[in-house]
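Visitor: The structure under discussion is supplied below as structure tokens; questions concerning it will follow.
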Amino acid sequence: MQFFMGAFSRVAASLLVPVVVSSVLAVLSIPACPAFAALIATGSGTGNTTAPNPDPGFGRLGVVNGLSAVYFRNGWVLTANHVGTATFWLAATGYAPVPGSTVRFSNPDSSLADLIAFKLATRPALADIALADTPASVSTLVTVIGRGLDRGAATSWMGIGGWTWGGSSTMRWGTNRISVVGDAALDTRAFRITFDDIQNPSAGEHEADLVVGDSGGGAFTGAGTSAKLVGILFARSTYGGQPANTSLYGNHGMIADLYAYRDDILAVVDRPDCNDGLDEDGDGLVDYPSDPGCVNAGDFSERGAGYECDNGVDDDGDSSIDFPSDPGCLHPTNRVEAPEPGIGLSIGFGVLVLAAATTRRPTADPARR
């Protein structure tokens, strides 16, 4: 079987137990291609495009660079490193990243994982979600969510059934059970799911494979208030020689194990805005005490509610918000998003007086007539 990185910039074979093909060990190079998402075996394959009730996390899946990312909490987004950092689109709303906020997580041997976090300058109105707090275990049911290629026609190869991939992408959720824990692929600590041919799935189970279109998607356990984010989708494993653009039973989905990176993730996302070295509000002033919007170093917002030029609101309705974007803001501490009253008039009057003074002819000295 072969591991495919989300961007398909490299392929590495693994000594996995094969179904038909012998294990191989090789490193290949193939053309760039998008990453991975959830294809479901149930029904026509077109379902699960809206959140189940209760929702495990569908509402916090967004699009980054055409792939996927998950809104976690405190303004932070988690995704695969090869997805990259860019505007996070949630439905039709785009959230810009804070410049310089991207953090790539590493392993105990200092190698870099295919896992990053970056912070948003403004935050979606979403509740926090818990992060995995226990190790992944075999047979645990997870919900995987991603924006990937739709299911195509049924197919088979060497007696193994499955599906081709269609040409369109849709945000979709599916389910699967963890088949291997303590795994590693592409320098990333991971757990694995296996795409099985389940003849009589239980209610709510929709057997899923990870396919092209949604690296950076999420894996969740539970639902509603008990939901936990446990993994980030980043790669897949296929049979050697498997036809391209197919999901066959026995394929594996590789999911970054967030419990393995838990301490490092929380150390990043739980830092207060006013003590994290970032300029969240874009005013050129960083953290307490330099940023006037920071009450103290533990403040979780660099916005100053008492300053119209630093409160994150378009107070004067000109479609420009705060310093330095709003031309009426000369400093973040300005209390109105407009020039100070009288300044424009005073400057104009001064110019007129100066012009008059420079063009007026002096009066002759009566004594010299």
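Each position in the sequence shown, counted from 1, maps to that position plus 1 in my numbering.
Where is the CB? At the ideal position from N, CA and C, for every residue including glycine.
Do the segment 95-111 and the segment 264-284 make contact, defined as three or more Cβ pairs closer than 8 angstroms?
Guide: These segments touch.
Visitor: When DSSP builds the beta bridges, which residues end up paired with Asp184?
Guide: Ala191, per the DSSP bridge assignment.
Visitor: Quick check on the DSSP output: the alpha helix (DSSP H) that includes Ala268 runs from which residue to which?
Guide: Run containing Ala268: 263-270, per the alpha helix (DSSP H) assignment.
Visitor: If you draw a straight line from the C-alpha of Ile130 to the C-alpha of Thr226, how long is it?
Guide: Cα to Cα, the separation comes out at about 8 angstroms.
Visitor: Is DSSP giving Ser138 helix, strand or coil here?
Guide: Ser138 falls in the coil class under three-state DSSP.
Visitor: Under three-state DSSP, which class holds Ala27?
Guide: Residue placement at Ala27 cannot be trusted, given a pLDDT of 20 that sits under 50; the coordinates are not used to answer.
Visitor: Kindly list the residues whose CB is nearer than 8 angstroms to the CB of Gly278, restricted to its own chain and excluding five residues on each side of it in sequence; keep chain order.
Guide: Hits under 8 angstroms: Val287, Asp288.
Visitor: With 16 as the cutoff for other CB atoms within 10 Å, does Gln200 come out buried or exposed?
Guide: Exposed is the call here.
Visitor: Please report how far the alpha carbon of Ile233 lies from the alpha carbon of Leu259, in whole angstroms.
Guide: Spanning the two alpha carbons is a distance of roughly 7 angstroms.
Visitor: If I'm right that Asp282 touches Arg304 with Cβ under 8 angstroms, what's the distance once you round it to whole angstroms?
Guide: That pair is a contact at about 6 angstroms.
Visitor: When the Cα of Val269 is compared with those of Thr247, Glu206, Ile117, which residue comes out closest?
Guide: Residue Ile117 is the option with its Cα nearest to Val269.
Visitor: Using beta-carbon positions only, say whether Leu91 and Pro125 come within less than 7 angstroms of one another.
Guide: It is a contact, given that the beta carbons lie within the stated cut-off.
Visitor: For Ser238, which option in Asp319, Arg193, Ala209 has the closest C-alpha, if you only look at C-alpha atoms?
Guide: The shortest C-alpha separation from Ser238 is found at Arg193.
Visitor: What span of residues does the beta strand (DSSP E) with Arg237 cover, start to end?
Guide: Unbroken beta strand (DSSP E) run through Arg237: 229-239.
Visitor: Taking DSSP's pairing of strands, which residues face Arg148 in a bridge?
Guide: Paired residue(s): Met172.
Visitor: Strictly under 7 angstroms for the Cβ-Cβ distance: is Asp277 near chain B by that measure?
Guide: The structure shown contains no chain B; it is built from a single protein chain.
Visitor: Is the segment 166-183 in contact with the segment 92-101, if contact means three or more CB pairs nearer than 8 angstroms?
Guide: The answer is no - the segment 92-101 does not touch the segment 166-183, with fewer than three Cβ pairs under 8 angstroms.
Visitor: What did DSSP end up calling Ser83 once you bin it into helix, strand or coil?
Guide: A small correction: the amino acid at residue 83 is His; Ser does not occupy that position in the sequence shown. Three-state DSSP puts His83 in a helix.
Visitor: Taking Asp316 as the reference, give the member of Asn335, Ala128, Asp198 with the closest Cα.
Guide: Residue Asn335 is the option with its Cα nearest to Asp316.
Visitor: Please state whether DSSP places Asp274 in a helix, a strand or coil.
Guide: In the structure shown, Asp274 sits in a helix (DSSP, three-state: H, G or I).
Visitor: Is the distance from the Cβ of Gly149 to the Cβ of Gly251 below 7 angstroms?
Guide: Their beta carbons are not under 7 angstroms apart, which means Gly149 does not touch Gly251 by this criterion.
Visitor: Have a look at Ala261 and Val182 and give me their C-alpha separation to the nearest angstrom.
Guide: Approximately 11 angstroms between the Cα atoms of the pair.
Visitor: Pick helix, strand or coil for Phe59, following the three-state DSSP scheme.
Guide: It is helical.
Visitor: Using a 10 Å radius around the Cβ and a threshold of 16 neighbouring Cβ atoms, would you call Gly254 buried or exposed?
Guide: Flag for Gly254 reads buried.
Visitor: Can you give me the Cβ contacts of Gly76 inside the same chain, cut-off strictly under 7 angstroms, excluding the 5 residues immediately before and after it?
Guide: Lys120, Leu121, Arg124, listed in sequence order.
Visitor: Quick one: Cα of Asn82 to Cα of Val296, how far?
Guide: Rounded to whole angstroms, Asn82 to Val296 spans 34 angstroms at the Cα level.
Visitor: Determine the closest residue to Ser69 out of Ser111, Gly85, Pro57, with distance taken between C-alpha atoms.
Guide: Here the closest residue by C-alpha is Gly85.
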